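Residue numbers (this note's numbering): 683 to 752.
What follows is the structure in structure tokens.
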């Protein structure tokens with residue numbers, strides 16, 4: 683069993699600092715700074731950090747496929 687903490691008021695740059703050096707599989711979830719009410723999944727993979735927006739619609743989370751826009 684895993685628990686996930688959502689980091690509040692963490693910028694994209696700070697998330698990348700926290701995940702440095704990027705080790706494949708490390709991740710964090712933070713509040714979106716560009717889209718209030720949404721979240722961002724930050725994932726280390728292949729030596730870089732990818733950012734995926736998680737949108738909440740009707741109380742359910744949805745990712746935006748193929749995007750790295752947050």
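Just so it is clear, CB atoms sit at the ideal spot from N, CA and C, and this is done for glycine as well. The model shown is predicted, which means the values in this text are computed figures rather than measured ones.
- The beta carbon of residue 708 is closer than 7 Å to those of 701 and 726 in its chain, skipping five residues each way along the sequence.
- When the five nearest sequence neighbours on each side are left out, no beta carbon in the same chain lies closer than 8 Å to the beta carbon of residue 739.
- Excluding its 5 nearest sequence neighbours in each direction, residue 743 has C-beta neighbours in its own chain below 8 Å: 721, 736 and 737, listed in chain order.
- Taking every protein chain shown into account, the CB of residue 686 has fewer than 16 other CB atoms within 10 angstroms, so this residue is exposed.
- Counting along the chain, residue 713 sits inside the beta strand (DSSP E) bounded by residues 709–713.
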